[in-house]
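Only one structure is covered here, and it is reproduced in the block below.
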Amino acid sequence: MSAQFPVARPRRLRRTPALRRLTAETRLAPADLILPMFVKEGITEPQPVTSMPGVVQHTRESLRKAVHEAAEAGVGGVILFGIPAVKDGTGSAADDPDGIVQLALRDLASDIGDATVIMTDLCLDEYTDHGHCGILTDAGEIDNDATLERYASIAVAQAEAGAAVVGPSGMMDGQVGAIRQALDASGHADVSILSYSVKYASAYYGPFREAAECAPQFGDRSTHQQDPANADESIREVLLDIDEGADMVMVKPAGAYLDIIRRVRDTVDVPLAAYQVSGEYAMIEAAAEKGWIDRDRTIMESLLAIRRAGADMILTYWATEVAKRVR
Ligand code: PBG
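As structure tokens, this is what we get:
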């Protein structure tokens, strides 16, 4: 009876761990992981981030050690976020040659070499006293084009300090073109741009605002970040950025936007990154701490899902830990 003897038995390939390993369609490799890191000016000890257990705001010295550890684990890259001691209306610490990220970049240039790719987040919200991603008009709105000039200058400062890749995350129109032009004009044609092309106005960034001390003092980011209701718009953003010179593009957040990752992957052929953001991290850590989910399995499943959706690279706060596990 055919009911008793099925012809097709997909379970055959799931029978043993070795068979499952052999037939796995998706794998995580250390080189595909990028570690986001915070470095803060004027502290002498690393400061824990309460809403992200296991994540700290680094000193220059602890950053250097953590980058070494990541590189040793085979992590593909690190991306730096700076928290300056003093913030002002124009975020002047962001392109100061002695600003915290530029100092950290010089530290790393001298002792990390090519062991992992050193990247920078390029935005103003960590540097402005109002917490917005750009320069404000008198009416308190973001001045897109005035902000582009600031981004261009920050890109040059970061390149000069040794960034191999800059990651504009401010979602201003024309930012990739402005940065590419400034880099080329200042002798940094070899510095790549990883554009946060698709960035949603997301509640999942909550814990990051504590980590980077950049909660907007009024209003929100919905005039520049994308509406979670939209998908077609993401394709338009990606194509514009590639046209302006993006070498790699990013979708952010990752877990709630797997459909977008897949659509972008099927549309363009540049390397695609996805950012598993602070809220995705915090939710798993918090539920695991309560004993409600298996922490390690949930972490691996969340990352595999992002790879399976089509991301080549994943920015994750678990990068070093997972790199050690999958090596
Ligand atoms: C902006 C920036 C943010 C994140 C990365 N770059 C915050 C925001 O747009 O509000 C969020 C990352 C995360 O939540 O892990 N500089």
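Residues -12 to 314 in our numbering are what the sequence shown spells out, letter by letter.
Ideal placement from N, C-alpha and C gives every residue a C-beta, glycine not left out.
- When secondary structure is reduced to three states using DSSP, phenylalanine 195 falls in the helix class.
- Look at serine 182: its beta carbon is at least 7 Å from all of the heavy atoms in the ligand PBG.
- For histidine 45, the enclosing beta strand (DSSP E) starts and ends at 43 to 45.
- Taking 7 Å as the cut-off, the C-beta of glycine 86 does not count as close to any heavy atom of the ligand PBG.
- Not a single heavy atom of the ligand PBG lies less than 7 Å from the C-beta of phenylalanine 25.
- Check the Cα spacing between serine 289 and each of Glu276, Tyr304, Val104 and Lys277: the tightest is with Tyr304.
- Ranked by Cα distance from glycine 164, the options Tyr268, Gly86, Thr134 and Ala296 are led by Thr134.
- Phenylalanine 195 has its CB nearer than 7 Å to a heavy atom of the ligand PBG.
- DSSP places leucine 0 within a helical segment (H, G or I) once states are collapsed to three.
- Placement of the Cβ of tyrosine 244 at a distance of 7 Å or more from every heavy atom of the ligand PBG is found.
- The alpha-carbon of alanine 72 is positioned some 14 Å away from that of alanine 198.
- DSSP places tyrosine 244 within a helical segment (H, G or I) once states are collapsed to three.
- Within the stretch 52 to 124, complete alpha helix (DSSP H) segments of at least 4 residues are found at 87 to 98, given in chain order.
- Looking at Tyr268, Arg295, Ala275 and Pro215, the one whose alpha-carbon comes closest to that of arginine 252 is Arg295.
- Beta-bridge pairing by DSSP links valine 153 to Thr107 and Ile180.
- The stretch 127 to 153 contains, as complete alpha helix (DSSP H) runs of 4+ residues, the segments 131 to 148 (chain order).
- Boundaries for alanine 188: no beta strand (DSSP E) harbours it, and the DSSP string shows neither H nor E there.
- Between the alpha carbons of valine 185 and alanine 81 lies a distance of about 23 Å.
- Assignment of lysine 311 by DSSP, reduced to helix, strand and coil, places it in the helix class.
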